[in-house]
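Report on the structure given below.
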Amino acid sequence: MSKQVAVILSGCGVQDGSEIYETTLTLLRLDQLGIGYRCFAPDMDQHHVIDHRSGEVAEGELRNVLTESARLARGEISPLEDLDAVEFDAVILPGGFGAAKNLSNYAWAGNDMEVHEGLVEAIAPFHEARKPIGLMCITPALVPKLLGPGIAVTIGHDPGVSGGISAMGGLHRSCGVEDIVVDFENRVVTTPAYMLATRISEAATGIFKLVDRIDEMMDL
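Heads up: the sequence shown begins at 45 in the working numbering, then just goes up one per residue.
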(Lines of atoms letter the chains of each structure in order from A and count residues from 1; the text may use other names and numbers.)
(Lines give C-alpha, C1' and ligand atoms only; values in the text may rest on other atoms or scores of the structure.)
Protein backbone atom coordinates (compact mmCIF):
# COMPACT_ATOMS: atom_id res chain seq x y z
CA MET A 1 0.00 0.00 0.00
CA SER A 2 1.17 3.53 -0.79
CA LYS A 3 2.63 5.70 1.92
CA GLN A 4 0.12 8.26 3.18
CA VAL A 5 0.87 11.81 4.32
CA ALA A 6 -1.47 14.26 6.05
CA VAL A 7 -1.11 17.89 4.92
CA ILE A 8 -2.47 20.52 7.31
CA LEU A 9 -3.60 23.83 5.81
CA SER A 10 -4.59 27.16 7.35
CA GLY A 11 -6.61 28.88 4.65
CA CYS A 12 -5.76 30.05 1.13
CA GLY A 13 -3.32 32.89 0.52
CA VAL A 14 0.03 33.92 1.96
CA GLN A 15 -1.25 36.83 4.06
CA ASP A 16 -4.10 35.09 5.88
CA GLY A 17 -3.87 31.37 5.08
CA SER A 18 -1.58 28.74 3.61
CA GLU A 19 1.02 29.90 1.10
CA ILE A 20 -0.30 28.71 -2.25
CA TYR A 21 3.02 27.90 -3.94
CA GLU A 22 4.34 26.07 -0.89
CA THR A 23 1.20 23.97 -0.67
CA THR A 24 1.15 23.19 -4.39
CA LEU A 25 4.84 22.28 -4.46
CA THR A 26 4.36 19.99 -1.48
CA LEU A 27 1.44 18.18 -3.11
CA LEU A 28 3.28 18.01 -6.43
CA ARG A 29 6.34 16.37 -4.93
CA LEU A 30 4.27 13.89 -2.92
CA ASP A 31 2.46 12.90 -6.12
CA GLN A 32 5.72 12.64 -8.09
CA LEU A 33 7.00 10.20 -5.47
CA GLY A 34 3.83 8.13 -5.58
CA ILE A 35 2.87 9.10 -2.03
CA GLY A 36 -0.81 9.41 -1.17
CA TYR A 37 -1.98 12.47 0.74
CA ARG A 38 -5.04 14.00 2.36
CA CYS A 39 -5.50 17.65 3.29
CA PHE A 40 -6.97 18.84 6.58
CA ALA A 41 -7.81 22.24 8.06
CA PRO A 42 -9.61 23.51 11.15
CA ASP A 43 -13.30 24.31 10.68
CA MET A 44 -13.21 27.83 12.13
CA ASP A 45 -13.34 31.48 11.15
CA GLN A 46 -10.13 33.06 9.94
CA HIS A 47 -8.56 35.65 12.23
CA HIS A 48 -9.16 38.17 9.45
CA VAL A 49 -9.25 38.41 5.66
CA ILE A 50 -6.50 40.22 3.76
CA ASP A 51 -6.99 41.85 0.36
CA HIS A 52 -3.94 40.37 -1.35
CA ARG A 53 -3.81 43.22 -3.86
CA SER A 54 -3.53 45.99 -1.30
CA GLY A 55 -2.26 44.06 1.71
CA GLU A 56 -4.99 45.67 3.80
CA VAL A 57 -7.53 43.97 6.05
CA ALA A 58 -10.88 43.51 4.28
CA GLU A 59 -13.08 45.03 6.97
CA GLY A 60 -16.32 43.20 7.63
CA GLU A 61 -15.40 40.18 5.52
CA LEU A 62 -15.48 36.77 7.19
CA ARG A 63 -14.13 33.50 5.79
CA ASN A 64 -13.84 29.95 7.06
CA VAL A 65 -10.40 28.29 7.23
CA LEU A 66 -11.66 24.89 6.09
CA THR A 67 -13.69 26.35 3.24
CA GLU A 68 -10.80 28.49 2.01
CA SER A 69 -8.32 25.60 2.32
CA ALA A 70 -10.64 23.54 0.12
CA ARG A 71 -9.65 25.85 -2.74
CA LEU A 72 -6.09 24.52 -2.53
CA ALA A 73 -7.19 20.91 -2.16
CA ARG A 74 -9.68 21.10 -5.05
CA GLY A 75 -12.41 20.25 -2.56
CA GLU A 76 -10.74 17.08 -1.29
CA ILE A 77 -10.29 18.10 2.33
CA SER A 78 -11.43 17.07 5.80
CA PRO A 79 -11.85 18.92 9.12
CA LEU A 80 -8.73 18.84 11.25
CA GLU A 81 -10.63 17.04 14.00
CA ASP A 82 -11.00 14.06 11.65
CA LEU A 83 -7.24 13.58 11.29
CA ASP A 84 -6.23 10.21 12.76
CA ALA A 85 -2.47 9.75 12.87
CA VAL A 86 -2.92 5.97 12.75
CA GLU A 87 -4.00 6.32 9.11
CA PHE A 88 -0.91 8.27 8.04
CA ASP A 89 2.85 7.77 7.92
CA ALA A 90 3.83 11.45 8.24
CA VAL A 91 2.43 14.97 8.40
CA ILE A 92 3.49 18.19 6.64
CA LEU A 93 2.55 21.81 7.37
CA PRO A 94 3.05 24.31 4.53
CA GLY A 95 3.68 27.90 5.56
CA GLY A 96 1.82 31.15 5.06
CA PHE A 97 0.70 33.60 7.72
CA GLY A 98 -2.40 31.53 8.38
CA ALA A 99 -0.11 29.42 10.55
CA ALA A 100 0.59 32.49 12.67
CA LYS A 101 -3.00 33.79 12.63
CA ASN A 102 -5.29 30.74 12.44
CA LEU A 103 -3.21 27.76 13.64
CA SER A 104 -1.76 29.92 16.43
CA ASN A 105 -1.75 33.51 17.64
CA TYR A 106 1.96 33.96 16.98
CA ALA A 107 1.33 36.95 14.69
CA TRP A 108 0.40 39.17 17.64
CA ALA A 109 1.39 37.19 20.75
CA GLY A 110 4.94 36.43 19.65
CA ASN A 111 6.84 34.30 22.14
CA ASP A 112 3.74 34.15 24.36
CA MET A 113 1.74 32.48 21.61
CA GLU A 114 -0.72 29.67 22.04
CA VAL A 115 -1.12 27.00 19.38
CA HIS A 116 -4.61 26.03 18.24
CA GLU A 117 -5.71 23.19 20.50
CA GLY A 118 -6.94 21.13 17.57
CA LEU A 119 -3.53 21.33 15.92
CA VAL A 120 -1.79 20.18 19.10
CA GLU A 121 -4.18 17.24 19.39
CA ALA A 122 -3.66 16.32 15.73
CA ILE A 123 0.16 16.52 15.75
CA ALA A 124 0.91 14.97 19.15
CA PRO A 125 0.16 11.38 18.05
CA PHE A 126 2.58 11.71 15.12
CA HIS A 127 5.32 12.90 17.45
CA GLU A 128 4.59 10.21 20.02
CA ALA A 129 4.67 7.51 17.34
CA ARG A 130 7.92 8.94 15.89
CA LYS A 131 6.33 9.58 12.54
CA PRO A 132 8.11 12.26 10.47
CA ILE A 133 6.86 15.84 10.72
CA GLY A 134 7.66 18.43 8.04
CA LEU A 135 7.26 22.18 8.48
CA MET A 136 8.19 25.09 6.23
CA CYS A 137 8.31 28.87 6.10
CA ILE A 138 6.92 30.32 9.37
CA THR A 139 5.45 27.06 10.73
CA PRO A 140 8.74 25.94 12.37
CA ALA A 141 8.28 28.88 14.78
CA LEU A 142 5.38 26.93 16.29
CA VAL A 143 7.53 23.90 17.15
CA PRO A 144 8.60 24.83 20.71
CA LYS A 145 4.94 25.21 21.74
CA LEU A 146 3.62 22.50 19.41
CA LEU A 147 6.13 19.70 20.05
CA GLY A 148 8.22 20.86 22.99
CA PRO A 149 11.63 22.44 23.63
CA GLY A 150 15.03 21.40 22.32
CA ILE A 151 14.02 20.56 18.75
CA ALA A 152 16.24 21.89 15.94
CA VAL A 153 14.38 23.82 13.23
CA THR A 154 14.99 26.58 10.70
CA ILE A 155 13.12 29.55 9.33
CA GLY A 156 16.24 30.67 7.44
CA HIS A 157 18.11 33.40 9.28
CA ASP A 158 15.65 36.12 10.30
CA PRO A 159 17.09 37.32 13.64
CA GLY A 160 13.76 38.27 15.19
CA VAL A 161 11.99 34.99 14.49
CA SER A 162 15.03 32.80 15.12
CA GLY A 163 15.64 34.62 18.40
CA GLY A 164 12.03 34.05 19.37
CA ILE A 165 12.35 30.33 18.68
CA SER A 166 15.36 30.19 20.98
CA ALA A 167 13.56 32.22 23.65
CA MET A 168 10.70 29.71 23.60
CA GLY A 169 13.13 26.85 24.16
CA GLY A 170 13.68 25.78 20.58
CA LEU A 171 16.95 25.32 18.73
CA HIS A 172 17.28 27.42 15.60
CA ARG A 173 19.71 26.50 12.84
CA SER A 174 20.51 28.99 10.07
CA CYS A 175 19.78 27.60 6.64
CA GLY A 176 19.72 28.65 3.01
CA VAL A 177 16.50 28.73 1.03
CA GLU A 178 17.42 25.65 -0.99
CA ASP A 179 18.30 23.45 1.96
CA ILE A 180 16.70 21.72 4.96
CA VAL A 181 17.40 21.16 8.64
CA VAL A 182 16.74 17.69 10.04
CA ASP A 183 16.34 16.86 13.72
CA PHE A 184 16.89 13.11 13.47
CA GLU A 185 16.11 12.41 17.12
CA ASN A 186 12.71 14.07 16.94
CA ARG A 187 12.15 13.22 13.25
CA VAL A 188 11.36 16.83 12.34
CA VAL A 189 12.33 18.33 8.96
CA THR A 190 12.15 22.07 8.20
CA THR A 191 13.00 24.42 5.33
CA PRO A 192 12.82 28.24 4.98
CA ALA A 193 10.73 28.31 1.77
CA TYR A 194 9.23 31.80 1.37
CA MET A 195 10.86 33.12 4.51
CA LEU A 196 13.78 33.52 2.10
CA ALA A 197 12.67 32.59 -1.41
CA THR A 198 12.58 35.32 -4.04
CA ARG A 199 11.17 33.07 -6.76
CA ILE A 200 9.22 29.84 -6.93
CA SER A 201 12.17 27.75 -8.15
CA GLU A 202 14.12 28.59 -4.98
CA ALA A 203 11.22 27.54 -2.79
CA ALA A 204 10.77 24.37 -4.85
CA THR A 205 14.31 23.14 -4.27
CA GLY A 206 14.03 23.27 -0.48
CA ILE A 207 10.46 21.96 -0.38
CA PHE A 208 11.32 19.04 -2.66
CA LYS A 209 14.28 18.21 -0.40
CA LEU A 210 11.97 18.29 2.62
CA VAL A 211 9.45 15.94 1.02
CA ASP A 212 12.23 13.66 -0.21
CA ARG A 213 13.66 13.42 3.31
CA ILE A 214 10.21 12.78 4.78
CA ASP A 215 9.87 9.96 2.23
CA GLU A 216 13.18 8.45 3.33
CA MET A 217 12.31 8.74 7.01
CA MET A 218 8.99 6.96 6.53
CA ASP A 219 11.06 3.88 5.57
CA LEU A 220 13.09 3.92 8.80
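Ideal placement from N, C-alpha and C gives every residue a C-beta, glycine not left out. Just so it is clear, the structure is predicted and the values come from calculations on it, not from any experiment.
Alpha carbon of serine 46 to alpha carbon of glycine 220, nearest angstrom: Here residue 46 is taken as the residue at index 2 of the sequence shown, counted from 1. Here residue 220 is taken as the residue at index 176 of the sequence shown, counted from 1. Each residue's Cα considered, the two are about 31 Å apart.
Quick check: valine 197 and proline 184, are their CB atoms within less than 9 Å of each other? Taking the first residue of the sequence shown as 1, we reach residue 197 at position 153. Taking the first residue of the sequence shown as 1, we reach residue 184 at position 140. Cβ distance < 9 Å, so valine 197 and proline 184 count as in contact.
Indicate whether glycine 61 and glycine 178 have their beta-carbon atoms separated by less than 9 Å. Against the sequence shown, residue 61 aligns to sequence position 17. Against the sequence shown, residue 178 aligns to sequence position 134. The answer is no: Cβ separation not under 9 Å.
State the DSSP-derived secondary structure class of phenylalanine 84, mapped to helix, strand or coil. For the purposes of this step, residue 84 is taken as residue 40 along the sequence shown, with counting starting at 1. If DSSP states are grouped into helix, strand and coil, phenylalanine 84 belongs with the strands.
Leucine 240 to aspartate 259, Cα distance in whole Å? Start at 1 with the first residue of the sequence shown, and residue 240 comes out as number 196. Start at 1 with the first residue of the sequence shown, and residue 259 comes out as number 215. The straight-line gap from Cα to Cα measures roughly 24 Å.
Anticipated Cβ contact below 8 Å, glutamine 48 with glutamate 131, distance rounded: For the purposes of this step, residue 48 is taken as the residue at position 4 of the sequence shown. For the purposes of this step, residue 131 is taken as the residue at position 87 of the sequence shown. Contact flag correct, Cβ pair sits at about 7 Å.
Three-state secondary structure (DSSP) of asparagine 108: Sequence index remark: in the sequence shown, residue 108 carries index 64 (1-based). In the structure shown, asparagine 108 sits in a strand (DSSP, three-state: E or B).
Between the Cα of asparagine 149 and the Cα atoms of His91, Leu71 and Glu100, which residue gives the shortest distance? Residue mapping note: residue 149 aligns to position 105 of the sequence shown, counting from 1. With distances taken between Cα atoms, asparagine 149 lies closest to His91.
Hey, arginine 82 and alanine 114 are a contact pair by Cβ (cut 8 Å); roughly how many whole angstroms apart? Position 38 of the sequence shown, counting from 1, holds the residue named residue 82. Position 70 of the sequence shown, counting from 1, holds the residue named residue 114. Going by Cβ atoms, the distance from arginine 82 to alanine 114 rounds to 13 Å, so no, they are not a contact pair.
Grab me the residues of threonine 67's own chain with a C-beta within less than 7 Å of its C-beta, minus the 5 sequence neighbours each way, in chain order. For the purposes of this step, residue 67 is taken as the residue at position 23 of the sequence shown. The answer, listed in chain order, is Leu53, Leu116 and Pro138.
Assign glycine 55 to buried or exposed, taking buried as 16 or more other Cβ atoms, counted over all protein chains shown, within 10 Å of its Cβ. Along the sequence shown, one-based indexing puts residue 55 at 11. Buried, by the Cβ-count rule.
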